[in-house]
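Chemist: Please see the structure below; I have some questions.
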């Protein structure tokens, strides 16, 4: 065998090994949007992996750390099967939904907090006040934006080889025609349950803000002159506190994300698999185990924690600037 053939075989072996390692890593980075097919997909990938091992005699039991990074960046099977454009499915509804959702949430929280504070708490801050304002904001936001997120979910689950929707408008039209107008509010019960997450986040965030404020007040009482650097550090601390609050809230309440996604799925062959909140919980746990309720947690945290830090940080800045107008 020539040197050129040996070199070619080495390259082929490396490619086969790389493919096997990526297939092994993909289940750990699966997003909640396709968590409903994770178990079946994982079984298929395991069979493929065993065939690869038998044919090439390559041991792939150890997944190198960089593989997780590459697999996450390429979107795993979504990228390989459906192409790069599949990574941006549902982007339209996301862009349309994020701004009003955040605006509604922050507005409702701040407005209801002011009302509750004035009417029931004699102008004093408390955890109960934050709890009531957080619940109110969560319910109002979920009700107003649920149709947007349902369309986003269905577009992201739309497979390239059996593509059903040509875009957001087409998805809305077909969903309403086949399932009725109220179908746009599928998953709303899980969204209401998910308002617990935003409520916990608001409570923790407000408490952390109080700690930061007390620390700043103590320094001033000690005679320390406050500088622009101190203000900037406090802002960074509040932004970090928002990320920490989101992390804790997500770890506590994440199963609702999986249930909400399942409830929003389009019927398969005209049959609706998940008919309600409790039934969905029971079906998922019975068929896939309790651990499946945390499918896609890693990418969810990678997306939402930095997002919360940026979002709350900019909210603080814009609130400060607009208050001076």
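Numbering (the working numbering), first residue to last: 211 to 535. C-beta: ideal position from N, C-alpha, C; glycine also. Predicted model only: the values in this text are computed from it and were never measured.
One question on the structure: do residue 466 and residue 367 come within less than 8 Å of each other, judged by their Cβ atoms?
Modeler: On the chain shown, position 256 is the one that residue 466 refers to. On the chain shown, position 157 is the one that residue 367 refers to. In this structure, residue 367 does not lie closer than 8 Å to residue 466 by Cβ.
Chemist: Could you please give the first and the last residue of the uninterrupted alpha helix (DSSP H) stretch that includes residue 517?
Modeler: Working through the chain shown from its first residue, we reach residue 517 at position 307. 507-533 is the span of the alpha helix (DSSP H), which, as asked, contains residue 517.
Chemist: Can you tell me where the alpha helix (DSSP H) with residue 355 in it begins and where it stops?
Modeler: Counting from one through the chain shown, the residue named residue 355 turns up at place 145. Where residue 355 is concerned, the enclosing alpha helix (DSSP H) stretches over 337-367.
Chemist: Closer than 8 Å by C-beta to residue 474: which residues in its own chain qualify, once you throw out the five before and the five after it? Chain order, please.
Modeler: By 1-based counting over the chain shown, the position of residue 474 is 264. Counting only Cβ-Cβ distances below 8 Å, and skipping sequence neighbours, we find 359, 360, 363, 364, 396, 397.
Chemist: Helix, strand or coil for residue 376? Go by DSSP, reduced to three states.
Modeler: By 1-based counting over the chain shown, the position of residue 376 is 166. Residue 376 falls in the coil class under three-state DSSP.
Chemist: Leaving out five residues before and five after residue 457 in sequence, what residues of the same chain have Cβ atoms less than 7 Å from its Cβ?
Modeler: Within the chain shown, numbered from 1, the residue matching residue 457 stands at position 247. Taken in chain order, the residues that qualify are 511, 515.
Chemist: So which of 377, 520, 461 has the shortest CA-CA distance to residue 450?
Modeler: Numbered from 1 along the chain shown, position 240 holds the residue referred to as residue 450. When each option's Cα is compared against that of residue 450, the closest is 520.
Chemist: Looking at C-alpha atoms only, which residue of 343, 348, 498 is the closest neighbour of residue 469?
Modeler: The count along the chain shown starts at 1 and reaches residue 469 at position 259. For residue 469, the nearest C-alpha among the options comes from 498.
Chemist: Please classify residue 356: is it buried, with 16 or more other beta-carbons within 10 angstroms of its beta-carbon, or exposed?
Modeler: What you label residue 356 is simply residue 146 of the chain shown in a count that begins at 1. So residue 356 counts as buried.
Chemist: Is it the case that the region 338-354 contacts the region 318-325, given that we only count it when at least three CB pairs across the two stretches are under 8 Å?
Modeler: In short, these stretches touch, since the Cβ pair count reaches three.
Chemist: Out of curiosity, what's the CA-to-CA distance linking residue 405 and residue 488?
Modeler: In the chain shown, residue 405 corresponds to position 195, counting from 1. In the chain shown, residue 488 corresponds to position 278, counting from 1. Whole-angstrom Cα-Cα distance: 17 Å.
Chemist: In this structure, how does DSSP classify residue 483 when only helix, strand and coil are distinguished?
Modeler: Working through the chain shown from its first residue, we reach residue 483 at position 273. Coil.
Chemist: Bridge partners of residue 399, per DSSP?
Modeler: Position 189 of the chain shown, counting from 1, holds the residue named residue 399. Looking at the DSSP assignment, residue 399 forms no beta bridge with any residue, so it has no partner.
Chemist: In chain order, what residues of the same chain have a beta carbon less than 7 Å from the beta carbon of residue 349, not counting five sequence neighbours either side?
Modeler: What you label residue 349 is simply residue 139 of the chain shown in a count that begins at 1. Result list for residue 349: 402, 405, in chain order.
Chemist: Just the C-alpha distance for residue 388 and residue 377, rounded to the nearest angstrom, thanks.
Modeler: Taking the chain shown and counting its residues from 1, the one referred to as residue 388 is at position 178. Taking the chain shown and counting its residues from 1, the one referred to as residue 377 is at position 167. Roughly 16 Å separates the two Cα atoms.
Chemist: Here's a check: name, in chain order, each residue in its chain whose Cβ is nearer than 7 Å to the Cβ of residue 381, leaving out the five neighbours to either side.
Modeler: Here residue 381 refers to the residue found at position 171 when the chain shown is read from its first residue. Cβ within range, chain order: 361, 364, 365, 375.
Chemist: Take the Cβ of residue 518 as the centre, count every other Cβ of all protein chains shown within 10 Å, and call the residue buried at 16 or more, exposed below.
Modeler: Within the chain shown, residue 518 is the residue found at index 308, counting from 1. The residue in question, residue 518, is buried, as its Cβ has 16 or more Cβ neighbours within 10 Å.
Chemist: How many whole angstroms separate the CB atoms of residue 415 and residue 452, which I take to be in contact at a CB cut-off of 8 Å?
Modeler: Locating residue 415 in the chain shown gives position 205, where the first residue counts as 1. Locating residue 452 in the chain shown gives position 242, where the first residue counts as 1. The pair is a contact, with the Cβ atoms about 5 Å apart (cut-off 8 Å).
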